[in-house]
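A.B. asks:
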Amino acid sequence: MSLSADNLFSRIPNYIHRRCFRMMDRMREKKYQKKILIIESDDWGSIRTSSADALKILQKEGYDFSSAVYSYDALETEEDLELLFDVLGRHGDKLGRHPSFVANYCVANPDFKAIKESGFRRYSYEPVSRTWLNAVGSKNCRELVLAGRKREFFYPELHGREHVHVRKWMNALIQGNRSAIQTFDLEMCGLEFRVIRDFDSCFYSEHMNHILSIEDRSNMIDDAISIFQSVFGNKPESYIAPNYVWDFDTEKILKRNGIDVIQAAKVSRIDTAKHLNRYLHVGARNAIGQKYSIRNCFFEPASLKYPELAACKCIREIDLSFDRHVPAVVCSHRLNYSGRIKPELRDRNLKALDEVLSETCKRHPDVEFLSPQEYYELL
Ligand SMILES: [Zn+2]
């Protein structure tokens, strides 16, 4: 497709903006002697699509999932964790440390039974530990997560309370919205925007639109931290906002809860209504002393048009990070490791992850697989 002159000119300011940002970014970023690699993975603990059967029922109802990759994301199973652990446990740095996989958890899911009993008038949620116990193939997930942490390669951190736009979802249920009701009966919270052609899908988090007061956000984060503590036995040390949307008030709430590290993209949104972005660089800190872990490499085969290129692309990004003397922080969502719906995709992606780690160790024998705590100290 060719660009019209108007289209071309309209892109120039953006292009210049991006180039300037990149230049500033390189000048300001903190440099590291060590070649540090860490994987950050979001969405663990969330239900998303409840089962392969549920997806089939919805397909029969006429929903088209062909371009909606997140519809294949589902609650992790014991098998998903065991296979991922096999890959992580196979690789070591020069000191024998395994690669650190930071699994960012949404620690609650809707309590469908209680919500139905209230006639859709009252929202209730359950801790992820109960969701695991009631889900086929996930009963021992808590024990496995704790074992993964003990083996020093799988580290739970916080992604939020639930990955659902609660108010929008409850309104949709009360109003009898077709997809909300159909998915509720299958123990799901709506569908991805690519399926229902609605960017306001309940599938996403509440933080998207900033409709929550500071007090409500504070309550949600306080709840999330206390559930996290009861499930995993400790407080989280870092946080990643759903959909990379958070503002300075959220940072203050996190600080009050003892969270000093925020996982982030280079460009993060601080106000969805005003389309206001924030640009962060490696080594950035905010006014209240919190540090940012900036993602600069991406291993997302499940979201790529050509998933067979995912390993190659990620290896190149890791090379570039080390050339620039910054940590390689690999963003890789749970979707890539979720086998409840399509185990063959998980297996394909794990092979590619194995390749990324083998090749990185070969190309960079001095790579260091620090624990998140060691890495956070150095930020
Ligand atoms: Zn997420």
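Going by our numbering, the first residue of the sequence shown is number -1, and it counts up by one from there.
Ideal placement from N, C-alpha and C gives every residue a C-beta, glycine not left out.
(1) Kindly indicate which three-state DSSP category L376 falls into: helix, strand or coil?
(2) Out of K250, P325, L348, D183, which one is the CA nearest neighbour of E298?
(3) Could you tell me whether any non-hydrogen atom of ligand 1 is closer than 6 Å to the CB of P240?
(4) Alpha carbon to alpha carbon, how far is S117 from C329?
(5) Quick check on this structure: which residue in T75, R26, T248 has the alpha carbon closest to the alpha carbon of I212?
(6) Excluding the five sequence neighbours on either side, which residues of its own chain have a C-beta within less than 6 Å of the C-beta of R283, listed in chain order?
(7) Quick check on the burial criterion: 16 or more other C-beta atoms within 10 angstroms. Buried or exposed for Q31?
(8) Helix or strand or just coil, what does DSSP make of P125?
(9) Sort C139, R338, Y373 by Cα distance to S48 and report the nearest one.
(10) So, are the CB atoms of V85 and L351 less than 7 Å apart?
(11) Taking 6 Å as the cut-off, is the beta-carbon of D71 closer than that to any non-hydrogen atom of ligand 1?
(12) Which runs of the alpha helix (DSSP H) fall wholly inside the stretch 212 to 265 and span at least 4 residues, in chain order?
(13) Since I37 sits in a beta bridge, which residues does DSSP pair it with?
(14) On a CA-only basis, which of G174, E185, L35, K340 is nearest G90? Give me that one, please.
(15) For E235 and V259, which I take to be in contact (beta-carbon distance under 8 Å), what is that distance rounded to the nearest angstrom?
(16) Can you tell me which residues form a DSSP beta bridge with A72?
(17) When DSSP labels each residue in this structure, what does F152 get in the three-state scheme?
(18) Go through its chain and collect everything with a Cβ distance to S39's Cβ below 7 Å, but skip five positions before and after it.
(19) Would you identify the three-state DSSP class for I286, choosing helix, strand or coil?
(20) Quick test of your reading: V193 and D62, contact by CB under 8 Å. State the CB separation rounded to the nearest angstrom.
(21) In the DSSP assignment, what are the bridge partners of Y277?
(22) How close, in whole Å, do the beta carbons of G135 and T75 come, if the pair is a contact with beta carbons under 8 Å?
(23) Around the Cβ of F246, are there at least 16 other Cβ atoms within 10 angstroms (buried) or fewer (exposed)?
(24) Could you tell me the alpha carbon to alpha carbon distance between N169 and I286, rounded to whole angstroms?
(25) Cβ-heavy atom distance between D40 and ligand 1 below 6 Å?
(26) Which runs of the alpha helix (DSSP H) at least 4 residues long sit entirely within the stretch 138 to 184? Give them in chain order.
(27) Tell me the residue span of the beta strand (DSSP E) that contains P108.
(28) Starting from the C-beta of L156, find all residues in its chain whose C-beta is less than 8 Å away, skip the five residues before and the five after it, and write them out in chain order.
C.D. replies: So, to answer that:
(1) helix
(2) L348
(3) yes
(4) Reading off the sequence, residue 117 comes out as Gly, not Ser. Roughly 40 Å separates the two Cα atoms.
(5) T248
(6) K289
(7) exposed
(8) strand
(9) R338
(10) yes
(11) no
(12) 212 to 230, 246 to 254
(13) F99, V328
(14) L35
(15) 6 Å
(16) R46
(17) strand
(18) F99, V100, A101, N102, S330, H331, R332
(19) coil
(20) 7 Å
(21) V265
(22) 4 Å
(23) exposed
(24) 37 Å
(25) yes
(26) 139 to 148, 164 to 172, 176 to 182
(27) 106 to 108
(28) N102, Y103, V105, A222, I223, F226, P234, S236, Y237, I238, I257
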